[in-house]
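> Heads up: the sequence shown begins at 97 in my numbering, then just goes up one per residue.
No residue lacks a Cβ here, since even glycine has one placed at the ideal position from N, Cα and C.
A quick note: this is a predicted structure, and the numbers were derived from the prediction, not measured.
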Amino acid sequence: MNTVAANITATRDKIARACHEAGRDAAGVNLVAVSKMQPHDRIAEALTAGQRLFGENRVQEASAHWAGLRSQYPDLKLHLIGPLQTNKVRDAVALFDCIETVDRPALTDALAKEMTKQDREIRCLVQVNTGEEPQKGGVPPDGLPDLLDRCRKLGLDSRGLMCMPPIDEPSAPHFALLKKLAHRHGLRELSMGMSADYEDAIALGATHIRLGTALFGERDTKP
Ligand SMILES: *Cc1c(COP(=O)(O)O)cnc(C)c1O
């Protein structure tokens, strides 16, 4: 078995254990394999191992990786997990199945317009900046009600929330906050948890965990 396949198997076991401990059905936790800055052969290994849900954080890099593989793997699902500039919305709507980083009115409006134009409805999650970090994307928690309102009025399929806790703080309080916010707004999906903290995220209700290094190993840091 190749390394990526072995990592996927081992990780799925850990997910199953975390679900069991939390009294949850493992089918309720979707593993998003974060393939950003990974060489093509590792992505190919994941596909061979049966992985079909992937996350990328840049539109252009994702196009380079995935545009050609789409036709080969019709059941492939791609999530955008990095910040989206409005001038990339056209390419993002064409390529992705879900945008996890909806965080401002200019973006909700551009996405709605582009989906109409392309006659393609894709799913959205609203990213919440739970740590209120100035350099990070995401709507601050007190701006969430208005942004969700806007999503509904525009007809966006926004069924959940996503967060990325500050790296220098324990994640669990941020996951708990995201869960509370989702519950308050009747949203079912929670994208939270990365390689270092996904078991905590599962305990706190994650429906999507985004794992890169745990599956693929260290990323290539050169641009
Ligand atoms: C890179 C990235 C991940 C994956 O991080 P790992 O620590 O490698 O699992 C998850 N979510 C987002 C938004 C990312 O940018």
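Answer with buried or exposed for Arg113, where buried requires no fewer than 16 other C-beta atoms within 10 angstroms of its C-beta.
exposed
> If you follow the beta strand (DSSP E) that Val125 is part of, which residue opens it and which one closes it?
Counting along the chain, Val125 falls outside any beta strand (DSSP E), and DSSP gives it neither H nor E.
> For Gly308, is the beta carbon positioned less than 7 Å from some heavy atom of ligand 1?
yes
> Is the Cβ-Cβ distance between Gly256 and Ala272 less than 8 Å?
no
> Quick check: does the Cβ of Val130 come within less than 7 Å of any heavy atom belonging to ligand 1?
yes
> Can you pull the DSSP bridge partners for Ile195?
Leu176 and Cys220
> Identify which residue in Thr182, Asp253, Lys184 and Leu244 has its Cα closest to the Cα of Arg216.
Asp253
> So, using beta-carbon positions, are Val155 and Lys184 closer together than 8 Å?
yes
> Under DSSP, the alpha helix (DSSP H) around Met133 begins and ends at which residues?
Looking at the DSSP string, Met133 is not in any alpha helix (DSSP H), and its letter there is neither H nor E.
> What I want to know is whether the C-beta of Gly164 ends up closer than 7 Å to one or more non-hydrogen atoms of ligand 1.
no
> Ordered along the chain, which non-local residues of its own chain (more than five positions away) have a Cβ less than 6 Å from that of Asp109?
none
> Helix or strand or just coil, what does DSSP make of Ser291?
coil
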